[in-house]
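Structure first, commentary second.
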Amino acid sequence: MKFDVQHHARSAQAALHEALAELARARTAYDNDAGPRFAQAKAAQELLGRKIKAAEEEADAASDAFHAAFASGGYESSDAATRSALNRKNDAQAMAEVMRVAQAKGAKELQALAAEASRQAHTYAAAYERAYTAH
Numbered sequence: 079m080k081f082d083v084q085h086h087a088r089s090a091q092a093a094l095h096e097a098l099a100e101l102a103r104a105r106t107a108y109d110n111d112a113g114p115r116f117a118q119a120k121a122a123q124e125l126l127g128r129k130i131k132a133a134e135e136e137a138d139a140a141s142d143a144f145h146a147a148f149a150s151g152g153y154e155s156s157d158a159a160t161r162s163a164l165n166r167k168n169d170a171q172a173m174a175e176v177m178r179v180a181q182a183k184g185a186k187e188l189q190a191l192a193a194e195a196s197r198q199a200h201t202y203a204a205a206y207e208r209a210y211t212a213h
């Protein structure tokens, strides 16, 4: 039996080209699908967290203003400053609550996207290993 170097070289070259093509497909899938979607969802969750914190801070500030205006008005809610502060407080609390619900829903979606991104990342890493081995 004769060892054909050229035949083995052609086979190795073909295996390398297939492995590199598979790596390119895996990279494209990750870069154009789950990777960016996960990054966008994560950024949206972080932004929502900052907005919730700002709404809670506004509610606290408005609550302090309401207590001060209510006390200075003799605990009568008929003056404009008291009503305005109360409205600011209630609005900020309501917005924070709606955003917390949205954040909880987004957290579930983020978990699903993380799982998909992880699956695609593992596929990408495995394709890299095969391409490296073929090289």
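Its first residue numbered 79, the sequence shown is counted upward by one per residue in my numbering. Cβ atoms here follow ideal geometry from the backbone N, Cα and C, with glycine treated the same way. Keep in mind it's a predicted model, so treat the numbers as computed, not measured.
When the Cα atoms are used, PHE116 and GLN84 turn out to be separated by approximately 46 Å. Looking from the CA of ALA174, the closest CA among LEU94, THR201 and LYS129 belongs to LYS129. With a 10 Å radius around the Cβ and a threshold of 16 neighbouring Cβ atoms, ALA119 comes out buried. ALA192 and ALA147 have their C-alpha atoms roughly 48 Å apart. Looking at the backbone, the Cα of TYR206 and that of ASN165 are separated by about 58 Å. PHE144 counts as buried, since at least 16 other C-beta atoms from the protein chains shown sit within 10 angstroms of its C-beta.
TYR153 sits in coil when the DSSP states are folded into three classes, being neither helix nor strand.
For ASP138, the secondary structure class from DSSP, reduced to helix, strand or coil, is helix.
One alpha carbon belongs to ASP111, the other to SER196, and they sit about 12 Å apart. In terms of Cβ geometry, TYR108 and TYR202 form a close pair [threshold 9 Å].
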